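Residue numbering for the sequence shown is -20 to -1, 1 to 325, as defined by mature numbering (1 follows the signal peptide of the UniProt record, and there is no 0).
Beta carbons are placed, not taken as given, at the ideal position from N, Cα and C, and that holds for glycine.
Computed from a predicted model, the values in this text were never measured in an experiment.
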Amino acid sequence: MKLSKVVLTGIAGLMSLALAACGGSSNGGSGGGGSQTVFKLAFNQTEEHPQYKAAVDFGKKLEEATDGRYSVRVYPNEQLGTQSDVVQNLSNGTVEMMYIGGPVMEGFNSDFIVYNLPYMFAGYDAQQQIFNDEELNKDLFTSIEGSKNITVLTALYAGVRNVYNSKHAVVTPSDLQGLKIRVQQSDSQVSMIESMGAIASPMGQGDVYSALQTGVLDGAENNETVYHQLKHDEVAKFYSFTKHLMIPDYLLISTKALEGMDDADREAFVGLVPELREEANTGFLEFAKESRAASESGGAQFNEDVDVDAFKALVQPMVESAVSANDVRKALYDAVQAANAAHPA
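Structure (structure tokens):
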């Protein structure tokens, strides 16, 4: 059975669930008193994040739906390693599931870059239209099953990313000159922040706080939830709404683990994904508001007075070069532009 048919139906948002093979717990269900399989799910953020909460709820529902045959354990706070490390473990099967930032996926199939480009989506509704489109994304989401043993289950809303630093508010590109800004570990993110005027410093999320604290970094770029939950607001007080990215997070699973489920359990697994996505995405919108208020109460300064058009102009050549590379990227880009027209900011 082709996984794209089974996995991608309604799956634009499954979240950080942890399932790991762990045998032997009796559940008294219809599994004949047999063992339970627990998938490990790796997550690089905290237990307060809506994706974590949605994944935990998903695990409970999965256990009930499969009469105890399957469950999930979520490992937050990079307990299983950085995203770059864990995705290799997912590929070799020692971890079954993970949440991952979109840019990391470019290392496996460079066409993922389209959804990671700066100023790609007009807003939340436009992005959701794209990730609700199974037909548009099925080839991309199953493109690394053969080479890496990884299936993309869904794409999740991960907020709007902005620049923050320890020096001053950012209004124009000149304000980024000379600042060392952490980006995710991908070529497109390095190119983006350098085009915007800063010095790019690719780094795992777990190292950012100490690097900000010691001055190895001047700043970073992320959404309000990460800024507050990882306490970056303690060491980088100036948060400016450059609004340069609306990249998705993805929920991944080992293709082998997914194929190893019998048809009924796999159907139950897939059927729960839309609920997880809805819980996570809705929770994220509220979480971002709460995070900003908490950061402000701690003394962080939020700057809305940003020349967004100036930053957008600087990165436009990068966008045009990336999307013109092949027909796959052009088709994805054209679909995004149609969604943006239907849902303008």
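Note down the Cα distance separating residue i from residue j, rounded to an integer number of angstroms.
i: H29; j: L210; result: 11 angstroms
i: N203; j: S234; result: 28 angstroms
i: V66; j: M78; result: 8 angstroms
i: S277; j: S190; result: 22 angstroms
i: V316; j: R257; result: 20 angstroms
i: L60; j: K223; result: 30 angstroms
i: Y55; j: A216; result: 27 angstroms
i: G97; j: E201; result: Checking the sequence shown, residue 97 turns out to be Leu, not Gly. Looking at the two C-alpha atoms, the distance is approximately 14 angstroms.
i: E266; j: V303; result: 32 angstroms
i: G81; j: A305; result: 22 angstroms
i: R141; j: G195; result: 22 angstroms
i: I173; j: K160; result: 10 angstroms
i: V170; j: V295; result: 12 angstroms
i: F92; j: E86; result: 5 angstroms
i: residue 363; j: E284; result: A question about residue 363 goes unanswered here, because the residues of the chain that appear run from -20 up to 325.
i: L252; j: F38; result: 7 angstroms
i: S301; j: P182; result: 22 angstroms
i: F101; j: L312; result: 12 angstroms
i: A(-1); j: V75; result: Model confidence at A(-1) stands at a pLDDT of 36, short of 50, so the residue's coordinates are unreliable; what they give is reported in the following sentence. Taking the straight line from one Cα to the other gives about 7 angstroms.
i: E125; j: D119; result: 10 angstroms
i: P324; j: N57; result: 35 angstroms
i: N112; j: L136; result: 10 angstroms
i: Q157; j: A178; result: 5 angstroms
i: V18; j: K40; result: 11 angstroms
i: V206; j: Y230; result: 16 angstroms
i: V250; j: Q185; result: 29 angstroms
i: A319; j: E259; result: 23 angstroms
i: E214; j: A293; result: 32 angstroms
i: A322; j: M226; result: 17 angstroms
i: V115; j: D155; result: With the sequence shown as reference, residue 115 is identified as Glu, and Val is not the correct amino acid for it. Roughly 42 angstroms separates the two Cα atoms.
i: L238; j: A106; result: 30 angstroms
i: P254; j: S168; result: 30 angstroms
i: D242; j: F121; result: 21 angstroms
Going by DSSP, what residue range makes up the beta strand (DSSP E) through residue i?
i: H224; result: 218 to 225
i: Y50; result: 50 to 55
i: N283; result: 281 to 283
i: M100; result: Note, M100: premise wrong, no beta strand (DSSP E); not H, not E.
i: M78; result: 77 to 81
With DSSP run on the structure shown, which of helix, strand or coil describes residue i?
i: P182; result: strand
i: L21; result: strand
i: E27; result: coil
i: Q164; result: coil
i: A200; result: strand
i: M176; result: coil
i: S301; result: helix
i: V36; result: helix
i: A325; result: coil
i: L42; result: helix
i: V84; result: helix
i: Q157; result: coil
i: E214; result: helix
i: S15; result: coil
i: D91; result: helix
i: Q59; result: coil
i: V288; result: helix
Which whole-angstrom value describes the C-beta separation of residue i and residue j, a residue pair presumed to lie in contact below a C-beta threshold of 8 angstroms?
i: E273; j: S220; result: Before going further, note that residue 273 is Ala rather than Glu in the sequence given. Actually they are not in contact, since the Cβ atoms of A273 and S220 sit about 17 angstroms apart, beyond 8 angstroms.
i: D164; j: P83; result: Checking the sequence, you will find Gln at residue 164 rather than Asp. Right, the Cβ-Cβ distance comes to about 4 angstroms (below 8 angstroms), so this counts as a contact.
i: Q16; j: R53; result: At roughly 11 angstroms, the Cβ-Cβ gap does not stay under 8 angstroms, so Q16 and R53 are not in contact.
i: I130; j: S71; result: 6 angstroms
i: V151; j: R309; result: Actually they are not in contact, since the Cβ atoms of V151 and R309 sit about 32 angstroms apart, beyond 8 angstroms.
i: K128; j: D198; result: No, K128 and D198 are not in contact; Cβ-Cβ is about 35 angstroms, not under 8 angstroms.
i: L42; j: V132; result: With a Cβ gap of about 19 angstroms, L42 and V132 do not count as contacting.
i: S51; j: N89; result: Incorrect: roughly 30 angstroms between the Cβ atoms, too far for contact.
Looking at the unbroken alpha helix (DSSP H) that takes in residue i, where does it start and where does it end?
i: Q68; result: 63 to 72
i: Y104; result: 104 to 111
i: Y95; result: Where Y95 is concerned, there is no enclosing alpha helix (DSSP H), given that its DSSP letter is neither H nor E.
i: T194; result: 188 to 194
i: D314; result: 307 to 322
Less than 7 angstroms between the CB of residue i and some heavy atom of the ligand PLP, yes or no?
i: M78; result: You won't find the ligand PLP in this model; it holds no ligand whatsoever.
Enumerate, from N- to C-terminal direction, the unbroken beta strand (DSSP E) stretches of 3 or more residues contained entirely within the segment 224 to 269. 229 to 234
My parser needs the beta strand (DSSP E) runs of 3 or more residues fully inside the segment 113 to 153; what are they? 130 to 136, 141 to 145
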